[in-house]
Amino acid sequence: HLSEDGTMAVMLPTGALFRSATEGEIRKYLLEKQNIHAVISLPQGARNYMAIYTVLLIFKQKKSDKILFIDASRDGVKNATRLKQNFLTEEGFAKILHTYRNREEVDRYSRLVSLDEIRENDYNLNIPRYIDTFLEKKIDVEATISSLSAKQRVIEKSKKEMIELLNKFDTPEARQAIKAVSISE
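Quick note on our numbering: the sequence shown kicks off at 197 and runs consecutively.
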């Protein structure tokens, strides 16, 4: 139970955002009551030394017409001793808090989503459905071709050296290996 102006945060594994059956029914109920105020993803392993992704569901007694989604999953810093654990940085925490308090939409980080859109997605709250985090990687084609050409030259040189070494062995196996190397050219 929450007071009239109360707020509650519940930490769950990310699977609770999209699994069907009973969890799906619970999500539908909570969404239709308009008590879910925000969905915030955290970095992998940010809690309890577990290497799983977790989310915070923020509930308010006061109804909200839109739900704020925040993807803070990339705001962690690796723990040097536990590689699958991340720490949420102070900056990351401050960014979440600022975005949440101001209910801001930030490209590739947060978005306000209507209940109608969530209904269209069958009450699925999986954050990538609502926040596009894909970053297009630019490829330097000339550098890539140059690198491939250099690697090809190294391969050709290595093949020639191997054939020279195999020629020193006058055995059926060596002749077979020379044929195999020559065919792969």
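From the three backbone atoms N, C-alpha and C, an ideal C-beta is built for every residue, glycine too. It should be emphasised that the depicted structure is a prediction, and the values quoted were computed from it without experimental measurement.
Give the DSSP bridge partners of K262, in chain order. Your numbering for residue 262 matches position 66 in the sequence shown. In DSSP, K262 forms a bridge with S310.
When you compare each of A373, R304 and I351 to D328 by their alpha carbons, which one comes out closest? For the purposes of this step, residue 328 is identified with residue 132 of the sequence shown, where counting begins at 1. Ranking the options by Cα distance to D328, first place goes to R304.
Might you give, ordered along the chain, the residues of its own chain that have their beta carbon closer than 8 angstroms to the beta carbon of R307, omitting 5 neighbours on each side? Here the question's residue 307 lines up with position 111 in the sequence shown. The answer, listed in chain order, is L264, F265, E301, Y326 and I327.
Could you name the residues of the same chain whose beta carbon sits closer than 7 angstroms to that of M204, not counting the 5 residues immediately before and after it, in chain order? Position 8 of the sequence shown holds residue 204. Contacts found: L198 and F255.
Do you know whose CA, among P368, L227 and P239, lies nearest D271's CA? Taking the first residue of the sequence shown as 1, we reach residue 271 at position 75. Selected option, being the one with the closest Cα: P239.
From R349 to S237, what does the alpha carbon distance come to, in whole angstroms? For the purposes of this step, residue 349 is identified with residue 153 of the sequence shown, where counting begins at 1. For the purposes of this step, residue 237 is identified with residue 41 of the sequence shown, where counting begins at 1. Whole-angstrom Cα-Cα distance: 47 angstroms.
Please work out which residues of its chain come closer than 7 angstroms, Cβ to Cβ, to I232, disregarding the five sequence neighbours upstream and downstream, and give them in chain order. Here residue 232 refers to the residue found at position 36 of the sequence shown. Answer for I232: L226, L253, F255 and I263, listed in chain order.
To the nearest angstrom, how far is it from the Cα of M358 to the Cα of K334? Counting from one through the sequence shown, the residue named residue 358 turns up at place 162. Counting from one through the sequence shown, the residue named residue 334 turns up at place 138. Using only the alpha carbons, I get a separation of about 37 angstroms.
May I ask you to report which of helix, strand or coil DSSP gives A290? Looking up residue 290 in the sequence shown gives position 94. DSSP places A290 in helix when its eight states are reduced to three.
Would you say the stretch 340 to 354 touches the stretch 289 to 300, given that touching needs at least three Cβ pairs under 8 angstroms? no
Just how far apart, CA to CA, sit Y296 and V337? To locate residue 296, count along the sequence shown from 1; it is residue 100. To locate residue 337, count along the sequence shown from 1; it is residue 141. Looking at the two C-alpha atoms, the distance is approximately 41 angstroms.
I need the DSSP call for L208, collapsed to helix, strand or coil. Along the sequence shown, one-based indexing puts residue 208 at 12. Secondary structure at L208: strand, using DSSP grouped into helix, strand and coil.
Using the three-state DSSP reduction, which class does T367 fall into: helix, strand or coil? Sequence index remark: in the sequence shown, residue 367 carries index 171 (1-based). Three-state DSSP puts T367 in coil, outside helix and strand.
Between the Cα of N322 and the Cα atoms of E369, S269, E200 and K258, which residue gives the shortest distance? Locating residue 322 in the sequence shown gives position 126, where the first residue counts as 1. With distances taken between Cα atoms, N322 lies closest to S269.
Chain-order list of residues whose beta-carbon lies under 6 angstroms from that of E320 (same chain, five-residue window excluded): The residue labelled residue 320 in the question sits at position 124 within the sequence shown. It is worth fixing the name first, because residue 320 is Asn in this sequence and not Glu. Result list for N320: F214, in chain order.
Since V302 sits in a beta bridge, which residues does DSSP pair it with? Your numbering for residue 302 matches position 106 in the sequence shown. DSSP, once it has assigned bridges, lists S306 as partnering V302.
Considering Cα atoms alone, identify which of I341, K375, P324 and F283 is closest to K356. In the sequence shown, counting from the first residue as 1, residue 356 sits at position 160. Of I341, K375, P324 and F283, the residue nearest in Cα terms is K375.
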